[in-house]
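In order, the protein sequences belong to chains D and H. For the first sequence, the positions run 1212 to 1660 when our numbering is used. For the second sequence, the positions run 20 to 506 when our numbering is used.
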Amino acid sequence: MEFRYLPMTEQDKQEMLSTIGVKSTDELFADIPESVRYNGELKIKPPKNEYALTKELTQLANRNVDTKSHTSFLGAGVYDHYIPSIVDHVISRSEFYTAYTPYQPEISQGELQAIFEFQTMICELTGMDVANSSMYDGGTALAEAVNLSAGQTKKQKVLVSKAIHPESLAVIYSYAKGPGVEIVEIEHVNGVTDLDQLEKELDENTASVVLQYPNFFGQIERLDRVRELVDQQKKTMMITSSNPLALGYLTPPGEFGADIVVGDAQVFGIPAQFGGPHCGYFATTKKLMRKVPGRLVGQTKDEEGRRGFVLTLQAREQHIRRDKATSNICSNQALNALASSAAMSSLGKQGLKRMAWLNIQKASYMKDQLERAGFEIPFSGAFFNELVVKLNDDIETVNRKLLERGIIGGYDLSRDNRKLKNHMLIAVTEVRTKEEIDQFVKEVGDICG
Amino acid sequence: MAKQDFPLIFELSQESRTGFSLPEFDVPESHIDKQLGDAFVRKNEPDLPEVSELQIMRHYTALSTRNHGVDSGFYPLGSCTMKYNPKVNEDIARLTGFSHIHPLQPIETVQGALELMYDLQEILAEITGMDSVTLQPAAGAHGEWTGLMMIRAFHEGNGDYNRTKVIVPDSAHGTNPASATVAGFEAVTVKSNDQGLVDLEDLKRVVDEQTAALMLTNPNTLGLFEEHIEEMASIIHEAGGKLYYDGANLNAILGYARPGDMGFDVVHLNLHKTFTGPHGGGGPGSGPVGVTAEFEPFLPKPILTKRKESYEFDYDRPKSIGRVKPYYGNFGINVRAYTYIRTMGAEGLKKVSEYAVLNANYMMRRLQGEYELPFDRHCKHEFILSGRLQKKLGVRTLDIAKRLLDFGYHPPTIYFPINVEEAIMAEPTETESKETLDAFVDAMLQIAEEAKNEPEKVQEAPHTTIVSRMDETTAARKPILRYQKEN
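As structure tokens, then:
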């Protein structure tokens, strides 16, 4: 059998064996002791030609219900947005996607500059001084922020709002176990973090306070009041996880004095892809610049005085500092950061604001229509592009019926919180039309009527 | 911006120029500013560039030409497995049914995705000789940490809270000790001997009742197979520790040996190395973890299960270390790896390792002599040279690497592993032709000659790149990490 990715001919092989001074390639594996040698044939389906494999996998893909053929109101951390066509053309330039980490700056200026631009855009959006070159996703970025705060303040307690994404909360717990950070959950009242409880729990041992802005229910947290509370303690940090699109219209956490802002740039040019890869970002203050996890690109000059870019402050990182590194992260989501940069460049200053505004407007319309149809909207506060509706039926059942009508319904909040039985979290982005929103309200009315 | 500088996208911006096409505003307007309240309506707009679509495309196209990828030329970067990234993988990953599905959709609407994930888990378990695999970790280092957290949970599950140390060889990837720290362990170093293998006497010295695990790559980062692996396994296991396999170097042994058969308990894989997920300029990757049966209860949750012909997620896992990532891993990268494996089959994968090892040995033997070969024995998929001979002539390994840029090559990994002076670590991979290997070797031999006869040519390299060597010291001393508009 011939393999198109393996170029050696039999003649090449013989010449090479003779240069090495062996008779067969088996001799090169002689150092693997017989007792651990694998002599069987791996049980894997036989090789398949390109046409047949493409056909098979296309059929497999077609067995999934996708958000292109259906109208989706599902968000909960992953969103269906307008992706400019140019994004995929940019990241399909194989000089970008087949490159490794840009450790040789002379032949990596393209990637380095693109990341420098990404860092700048994230700083602009969040209102922070410094942003890194990306993290795996918003959830792990938040968990790293939590651990950073404990390490930096030498305090072990972190107050985490229960109105953050439940899967991010789960990841925080997993990460906190390593350094032994104690997590205290703060309840939510009327869809926002209970600031009274937060105030009670906040003490001199509190390393940081963690909120999502807008939060998991789409609601806008009072970061101004949270900052006032946090300021009552020495060194305690305010950490937020933010949908960066929302920051096109909302006052950014940086202006409220956040110490670390993280989130996921999936909203800019990255398809849902069943949950990954997306693109975590990590932004912070100048003060914490040398504590940032992961890669940072910095501007400098070459020997002729030309502007150029390099990976910098590498003394923080695992390949230099090993067990004393600020994080173990090595690979990040560079290509997706490039996709987000292209999408953000496409939107520009005006487009970003317009897109964020459209999300709020369309979500507001959804709320009005649901209320008009007699449904209860349990949380009364301001929101971005997600809202919670209470139905008189089990959400799983409702969603199954919606699916028959070509609609992917919202997130079933009872999955994480029994008290939120029959509560659906609905996402309405700029790509949903008035017609689709009207149809959703009508169908939900029919199902639950 | 100085005249000779390449512009940043921000420097192309002109107020009111647009590059977007947003959906219509087709609903009645709400008074959203009033609802949000003045304090929450943004006043200082983020200064994103205002550029047209063609400007964006030209900008990034120009940037791409200022970048070297595997498709641009040879990339023998040791320990990174810079093999060809098949194009069909990209097409399959972009199929609407894979790229535009939401992770929280009803389970019956994503059965195709789950079948692929399940099948991939089974295949990876077969390749590594492990019992179970999770696809949740996002990259190699993430997999390391996940595996170590499982080892920690295992020991603690036995009431054993004193196993606080993880042993790593001095030749290990930096992520190994870093992951140990993040998982709450203390990293302890074991030395390599003069043959480039773990020093068994030193291993016996550092192992004790506090040993949680030994982390090992095999073949190791010197490209050599740890032939005493079984003895090492029993030293660790007899002391009550566990054996962790860093799968960064799996490309050398596909179908020839399996970590599970060598005695490893926990294994991570880098699908973006061995299984052709593109490196993307630094990511995204995918770092599945495989375990033996006794570790199954500790796997990150949810786990994917098969019931007759349907698949579902099981969240009822009381001993699980929890979630290591939202959702189920870097699915898009897993689709690429799956496509690759199905293209190659068992027969093809074994040939991959055969040629990866053949190519490395061939290059090593051709370069031996002009460059010092610290470990003169058959290597696996990569090999180490030392630039000590050239250093005596005033030419450092860094200079050799920079000189290679003039020939259109990405240089090998340099100054790693840290236990070899002036290290040059080359990994050709199996996807390169003999002509490419020969041309690269010829360039290396020419540079060795230049080091003798005209060292300044090497010391001052590169000569042909769009920029010359960068002032990295100033970059670190006075960091400029973002663009600021000039006033």
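Ideal Cβ positions, reconstructed from N, Cα and C, are used throughout, including at glycine.
Problem set entry | the stretch 339-357 of chain H: positions lying closer than 7 Å to chain D by Cβ | I340, G341, R342, V343, K344, P345, Y346, Y347, G348, N349, F350, G351 and I352
Exercise. Quick one, which residues of the stretch 1389-1418 of chain D are near chain H if we go by CB-CB under 9 Å, in chain order?
Worked result: G1389, P1390 and G1391
For this session: Go through its chain and collect everything with a Cβ distance to H/Y390's Cβ below 6 Å, but skip five positions before and after it.
Result: Here residue 390 of chain H is taken as the residue at index 371 of the second sequence, counted from 1. Answer for H/Y390: L404, listed in chain order.
For this session: May I ask you to list the residues that DSSP assigns as paired with H/E331?
Result: Along the second sequence, read from residue 1 onward, the residue named residue 331 of chain H stands at position 312. Paired residue(s): H/T324.
Problem set entry | Proximity test, Cβ basis, 8 Å: D/Q1363 and chain H | What you label residue 1363 of chain D is simply residue 152 of the first sequence in a count that begins at 1. Not one chain H Cβ lies under 8 Å of D/Q1363.
For this session: Could you tell me the distance, in whole angstroms, from the CA atom of D/S1625 to the CA atom of H/T358?
Result: On the first sequence, residue 1625 of chain D is found 414 positions in, with the first residue counted as 1. On the second sequence, residue 358 of chain H is found 339 positions in, with the first residue counted as 1. If I take the Cα positions, the gap works out to 37 Å.
Exercise. At least one CB of chain D closer than 8 Å to the CB of H/R384: is that the case?
Worked result: Looking up residue 384 of chain H in the second sequence gives position 365. Yes, its Cβ sits closer than 8 Å to a Cβ of chain D.
Exercise. Taking buried to mean at least 16 other C-beta atoms within 10 Å of its own C-beta, is H/R326 buried or exposed?
Worked result: Locating residue 326 of chain H in the second sequence gives position 307, counting from the first residue. The residue is exposed, with fewer than 16 neighbouring Cβ atoms inside 10 Å.
For this session: Compare the C-alpha of H/A58 against each of D/L1239, D/P1463 and D/M1219 and name the closest.
Result: Taking the second sequence and counting its residues from 1, one reaches residue 58 of chain H at position 39. Comparing Cα-Cα distances from H/A58 to each of D/L1239, D/P1463 and D/M1219, the minimum goes to D/P1463.
For this session: Could you please give the first and the last residue of the uninterrupted alpha helix (DSSP H) stretch that includes D/R1506?
Result: Position 295 of the first sequence, counted from the first residue, corresponds to residue 1506 of chain D. Premise fails: D/R1506 is in no alpha helix (DSSP H) and is neither H nor E.
For this session: For the beta strand (DSSP E) containing D/E1597, list its first residue and its last residue.
Result: Locating residue 1597 of chain D in the first sequence gives position 386, counting from the first residue. D/E1597 -> beta strand (DSSP E) spans E1597 to K1601.
Problem set entry | Beta-carbon neighbours of H/G69, restricted to chain D and to distances below 8 Å | The count along the second sequence starts at 1 and reaches residue 69 of chain H at position 50. In the sequence as displayed, the identity of residue 69 of chain H is Glu instead of Gly. In chain order: G1559, K1560 and Q1561.
Exercise. First and last residue of the alpha helix (DSSP H) that includes H/H256?
Worked result: Numbered from 1 along the second sequence, position 237 holds the residue referred to as residue 256 of chain H. Counting along the chain, the alpha helix (DSSP H) containing H/H256 begins and ends at I248 to E257.
Exercise. What residues of chain H sit near D/F1214, judged by a beta carbon separation below 7 Å?
Worked result: Position 3 of the first sequence, counted from the start, is the residue given in the question as residue 1214 of chain D. Going along chain H in sequence order, the residues near D/F1214 (Cβ under 7 Å) are M363, G367 and K370.
Exercise. H/S35 to H/D45, Cα distance in whole Å?
Worked result: Sequence index remark: in the second sequence, residue 35 of chain H carries index 16 (1-based). Sequence index remark: in the second sequence, residue 45 of chain H carries index 26 (1-based). Roughly 23 Å between the two C-alpha positions.
For this session: Confirm, please, whether the CB-CB distance from D/P1482 to H/N349 is below 8 Å.
Result: On the second sequence, residue 349 of chain H is found 330 positions in, with the first residue counted as 1. On the first sequence, residue 1482 of chain D is found 271 positions in, with the first residue counted as 1. Against a cut-off of 8 Å, the Cβ pair of D/P1482 and H/N349 comes out as no contact.
Problem set entry | DSSP-derived helix/strand/coil call for D/V1652 | The count along the first sequence starts at 1 and reaches residue 1652 of chain D at position 441. It is helical.
Exercise. To which residues does DSSP link D/I1394 through a beta bridge?
Worked result: The count along the first sequence starts at 1 and reaches residue 1394 of chain D at position 183. Bridge partners of D/I1394: D/V1369.
For this session: Tell me whether H/M147 sits in a helix, a strand or coil according to DSSP, three-state version.
Result: Position 128 of the second sequence holds residue 147 of chain H. Checking the sequence shown, residue 147 of chain H turns out to be Thr, not Met. If DSSP states are grouped into helix, strand and coil, H/T147 belongs with the helices.
Problem set entry | Other residues of its chain near D/V1441: CB distance less than 6 Å, five sequence neighbours each side excluded | What you label residue 1441 of chain D is simply residue 230 of the first sequence in a count that begins at 1. Around D/V1441: V1420, T1447 and M1449.
Problem set entry | Residues that H/N86 bridges to, as DSSP identifies them | Translated into positions along the second sequence, residue 86 of chain H becomes position 67. Paired residues: D/S1319.
Exercise. Checking contacts by CB at 8 Å: is D/N1547 closer than that to chain H?
Worked result: What you label residue 1547 of chain D is simply residue 336 of the first sequence in a count that begins at 1. Closer than 8 Å to some Cβ of chain H, the Cβ of D/N1547 qualifies, so yes.
Problem set entry | Best match in H/M101, H/G88, H/S98 and H/E401 for proximity to D/E1306 [C-alpha to C-alpha] | Stepping through the first sequence from its first residue, residue 1306 of chain D is reached at position 95. The shortest Cα separation from D/E1306 among H/M101, H/G88, H/S98 and H/E401 belongs to H/G88.
Exercise. Near D/G1617, what residues of its chain come up, given a Cβ to Cβ distance below 6 Å and the 5 sequence neighbours on each side ignored?
Worked result: Translated into positions along the first sequence, residue 1617 of chain D becomes position 406. Hits under 6 Å: H1281.
Exercise. In this structure, what does DSSP give as the bridge partners for D/D1277?
Worked result: Here residue 1277 of chain D refers to the residue found at position 66 when the first sequence is read from its first residue. Answer by DSSP bridge pairing: none, since D/D1277 is not bridged.
For this session: Give the secondary structure of H/Y346 by DSSP, where H, G and I count as helix, E and B as strand, and everything else as coil.
Result: As a working mapping, residue 346 of chain H is identified with position 327 in the second sequence. Here H/Y346 sits in coil by DSSP.
Problem set entry | Beta-carbon proximity check, D/G1459 vs D/F1428, cutoff 8 Å | Residue mapping note: residue 1459 of chain D aligns to position 248 of the first sequence, counting from 1. Residue mapping note: residue 1428 of chain D aligns to position 217 of the first sequence, counting from 1. Against a cut-off of 8 Å, the Cβ pair of D/F1428 and D/G1459 comes out as no contact.
Exercise. Excluding sequence positions up to five away, which residues of its chain have a Cβ less than 6 Å from the Cβ of H/Y334?
Worked result: Walking along the second sequence from the start, residue 334 of chain H turns up at place 315. Once the five neighbours on either side are set aside, the close Cβ partners of H/Y334 are K320 and P321.
For this session: Give the residues of chain H in contact with D/F1427, contact being defined as C-beta atoms less than 8 Å apart.
Result: Taking the first sequence and counting its residues from 1, one reaches residue 1427 of chain D at position 216. In chain order: nothing, as chain H lies at least about 12 Å away.
Problem set entry | Closer than 8 Å to chain D by CB, H/R61 | Translated into positions along the second sequence, residue 61 of chain H becomes position 42. It does; some Cβ of chain D falls within 8 Å.
For this session: Locate the alpha helix (DSSP H) running through H/M281, then write down its first and last residues.
Result: As a position in the second sequence, residue 281 of chain H is number 262, starting the count at 1. Note, H/M281: alpha helix (DSSP H), P278 to M281.
For this session: Taking H/E475 as the query, report the chain D residues whose CB atoms sit under 9 Å from its CB, ordered along the chain.
Result: Here residue 475 of chain H refers to the residue found at position 456 of the second sequence. Those within 9 Å of H/E475 in chain D number zero; the least Cβ separation is about 14 Å.
Exercise. CA-CA distance, D/Y1216 and H/K292?
Worked result: Counting from 1 along the first sequence, the entry for residue 1216 of chain D is found at position 5. Counting from 1 along the second sequence, the entry for residue 292 of chain H is found at position 273. When rounded, the distance between both Cα atoms is 15 Å.
Exercise. Which residue's Cα is closest to the Cα of D/L1165: H/V343, H/E468 and H/G162?
Worked result: Because chain D is modelled from 1212 through 1660, residue 1165 of chain D falls outside the range shown and cannot be assessed.
Problem set entry | Collapsed DSSP secondary structure at D/T1282 in the structure displayed | By one-based count along the first sequence, residue 1282 of chain D stands at place 71. Reduced to three states, the DSSP call for D/T1282 is strand.
Exercise. Using a Cβ-Cβ distance under 8 Å, would H/T240 count as near chain D?
Worked result: Numbered from 1 along the second sequence, position 221 holds the residue referred to as residue 240 of chain H. It does not; no Cβ of chain D falls within 8 Å.
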